[in-house]
Amino acid sequence: MPVQAQDAVQVSQFSGEPVPRFVSLRFSAVHGRQGPSLDHDILWRYEAEGMPMLILRETHGWRRVRDKDGDEVWIQARMLSERRTAVTIQDTPLQRKPNADARAKALIKAGVVLELDACTNGWCAVKAGKRDGWIEELHLWGTRTSTDGV
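By the working numbering, the letter at position 111 of the sequence shown is numbered 106, and the numbering carries on one by one without gaps.
1. Under three-state DSSP, which class holds Glu67?
2. Based on the DSSP output, what are the partners of Lys92 in its beta bridges?
3. Just list the alpha helix (DSSP H) runs in the stretch 77 to 143, keeping only unbroken ones of 4 residues or longer that don't cross its boundaries, in chain order.
4. Can you tell me whether Met74 is helix, strand or coil according to DSSP?
5. Are the CB atoms of Val82 and Trp136 within a distance shorter than 8 angstroms?
6. Using 8 angstroms as the cut-off, can you tell me whether the stretch 36 to 49 makes contact with the stretch 62 to 72, which would need three or more C-beta pairs spanning the two stretches below that distance?
7. Is it the case that the Cβ atoms of Lys104 and Asp127 are separated by a distance below 8 angstroms?
8. Locate the beta strand (DSSP E) running through Met46, then write down its first and last residues.
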């Protein structure tokens, strides 16, 4: 997904990837630490494989990330995946088409992690388990670095 032109995007000297950018948790249990080493205290234990995280900074082997609640921690780079996901910020319908008047396939509860395909014109193509469809982008966190906390 393209990052908006007005965003302050830099290329990391550590990964060669743009920062900020979204990634997701690779495992179902990941520690978020106070600093970029195993010597630093654990601040959070994330238990949601696929949860999107916004990378803010990088060092060798570590990433400073922000979660959907605005908390910032350091996570080992190997604990993160480039797989794109988003999380619902409120209960929202999964639409058959990218249109608010389209028939809903399901109601997706707040806090559900979805596989993210692409977003266009305010709608995102997503997959929730075996169901796929469209959700309005404003009901998701993890789609835009320009509006999701940077």
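Glycine included, every Cβ here is placed at the ideal spot set by N, Cα and C.
Remember, predicted model here, so these are calculated numbers, not experimental data.
In terms of the structure at hand:
1. strand
2. Answer is none; Lys92 lacks a bridge partner.
3. none
4. helix
5. For Trp136 and Val82, yes; Cβs fall inside 8 angstroms.
6. yes
7. no
8. Premise fails: Met46 is in no beta strand (DSSP E) and is neither H nor E.
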